[in-house]
Amino acid sequence: MMRILVTGAAGFLGSHLCDRLIERGDAVTGLDNFQTGRRQNIEHLLRHPAFTLVEHDIVKPFKGSFDRIFNLACPASPPEYQRDPIATMRTCVFGTDILLALAAATGARFFQASTSEIYGDPDVHPQAEDYHGCVNPIGIRACYDEGKRAAETLCFDYRRQHGVEIKVARIFNTYGPRMNPSDGRVVSNLIVQALRGEDMTIYGDGDQTRSFCYSDDLIDGCLRLMDSPAEVTGPVNLGNPDEMSVSELAQLVVEMTGTSARIVYHPLPSDDPLRRCPDTTKAGLLLGWSARVPLREGLRRTIDHFRETLAIEVG
Numbered sequence: 058m059m060r061i062l063v064t065g066a067a068g069f070l071g072s073h074l075c076d077r078l079i080e081r082g083d084a085v086t087g088l089d090n091f092q093t094g095r096r097q098n099i100e101h102l103l104r105h106p107a108f109t110l111v112e113h114d115i116v117k118p119f120k121g122s123f124d125r126i127f128n129l130a131c132p133a134s135p136p137e138y139q140r141d142p143i144a145t146m147r148t149c150v151f152g153t154d155i156l157l158a159l160a161a162a163t164g165a166r167f168f169q170a171s172t173s174e175i176y177g178d179p180d181v182h183p184q185a186e187d188y189h190g191c192v193n194p195i196g197i198r199a200c201y202d203e204g205k206r207a208a209e210t211l212c213f214d215y216r217r218q219h220g221v222e223i224k225v226a227r228i229f230n231t232y233g234p235r236m237n238p239s240d241g242r243v244v245s246n247l248i249v250q251a252l253r254g255e256d257m258t259i260y261g262d263g264d265q266t267r268s269f270c271y272s273d274d275l276i277d278g279c280l281r282l283m284d285s286p287a288e289v290t291g292p293v294n295l296g297n298p299d300e301m302s303v304s305e306l307a308q309l310v311v312e313m314t315g316t317s318a319r320i321v322y323h324p325l326p327s328d329d330p331l332r333r334c335p336d337t338t339k340a341g342l343l344l345g346w347s348a349r350v351p352l353r354e355g356l357r358r359t360i361d362h363f364r365e366t367l368a369i370e371v372g
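Listed below in structure tokens is the structure:
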């Protein structure tokens, strides 16, 4: 049994990570300030003897002794992280600094959930880890993009200066059960709108591409990276390299939900990347990892989850 701290524990991915850690026999302390995390995501864990929930903001110091720290604390959808961009930047930079200092003081191994957003609107395709990105440092997305880039810098400086064992994962578009229905990400948006019979919103002309990784696969990649030898620091891309356009995704959701909702188009937000697809060669070589859940199967599970969630909301 390891003592593990998970920040962002009540979030979409954080809650799935807590489940997996508890299942394998670890003792988990979950931190969340509930800015975007939802208590219902971890309700089933609250009575488990190996799980402790602490409501806490990581920009404030936190004491404890842990073997491993997973830092997943930060809103990940553009509407949420742009709602309070200064708080987003502080979470990425100050919060990561505080947690790395805790890791340095206690000898904990540290996992940083970074993001494909550090590549910005890329002019290299697909994106490999040695690509330094094309980010607008003063744009409306910069609080997240540059915040995560600075967090990666802190990780590597703490490794060089204090010997902290770090693991940095650059996470690409991920979907699955427990996504917030109103978080503004494309998969949840399209599914929820389709199930409600509302207009299905596409921003831009729909030709922009993404690659979608199911949550179970992503959590498996995170665990493999954290469990890898100390010399494997990352950054490592974790995502599904099967690229598709947003319009193709929308048509697939229409087909799988049987909706009669129409697809409508709105202007593309500022700095929204036109292409996004990971080169996952490194993850395959170092971790033996690849995304395995086919998109149709993952979407089916996600649609079923939202059907159940929306039915509860209705009544």
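Throughout the sequence shown, residue numbering follows our numbering, covering 58 to 372 in sequence. Just so you know, even glycine gets a beta-carbon here, dropped at the ideal spot from N, CA and C.
- If you look at Tyr138, you'll find it in the alpha helix (DSSP H) that goes 135-140.
- Per the C-alpha coordinates, the member of Glu288, Leu159, Gly291, Cys270 positioned closest to Ala348 is Cys270.
- In this model, Val249 and Arg96 are separated by some 20 Å (Cα to Cα).
- Per the DSSP secondary-structure output, Ala84 pairs in a beta bridge with Arg60.
- For Arg332, the three-state secondary structure derived from DSSP is coil.
- The beta-carbon distance between Leu159 and Ile126, rounded to whole angstroms, is 7 Å. This is short enough to meet the 8 Å contact definition.
- Between the segment 115-132 and the segment 167-187, the count of C-beta pairs closer than 8 Å reaches three or more; the two stretches touch.
- Note that the segment 78-95 touches the segment 106-117; at least 3 beta-carbon pairs, one per stretch, sit closer than 8 Å.
- Around the beta carbon of Ile143, a 10 Å sphere encloses fewer than 16 other beta carbons of the protein chains shown; the residue is thus reported as exposed.
- Distance from the CA of Gly291 to the CA of Asp262, rounded to the nearest whole angstrom, comes to 35 Å.
- Distances from the CA of Asp336 to each of Asp187, Glu203, Ala251 were compared; the closest alpha carbon is that of Asp187.
- Rounded to the nearest whole angstrom, the C-alpha separation of Glu222 and His362 is 37 Å.
- When rounded, the separation of the alpha-carbon atoms in Ile320 and Ser302 is 14 Å.
- By the criterion of a C-beta distance shorter than 6 Å, Arg198 is surrounded in its chain by Asp328, once the five residues flanking it on both sides are discounted.
- The beta carbon of Arg60 is closer than 6 Å to those of Ala84, Phe123, Asp124 in its chain, skipping five residues each way along the sequence.
- Counted as a single uninterrupted DSSP element, the beta strand (DSSP E) harbouring Leu110 occupies residues 108-112.
- Across the structure, Ala133 and Met58 are spaced so that their CA atoms are roughly 30 Å apart.
- Around the C-beta of Asp240, 16 or more other C-beta atoms lie within 10 Å, and the residue is accordingly described as buried.
- For Glu209, same chain residues with a beta-carbon under 6 Å away, outside a window of 5 residues either side, are Ser171, Val225 in chain order.
- As the crow flies, the alpha-carbon of Trp346 is around 13 Å from that of Ile228.
- Where Arg267 is concerned, the enclosing beta strand (DSSP E) starts and stops at 266-268.
- The C-alpha of Leu280 lies about 22 Å from the C-alpha of Gly152.
- Judged by their CB atoms, Ser268 and Asn297 are nearer to each other than the 7 Å cut-off.
- Annotation: the continuous beta strand (DSSP E) that includes Asn294 extends over 293-295.
- Counting the other Cβ atoms within 10 Å of the Cβ of Ile195 gives fewer than 16, which makes it exposed.
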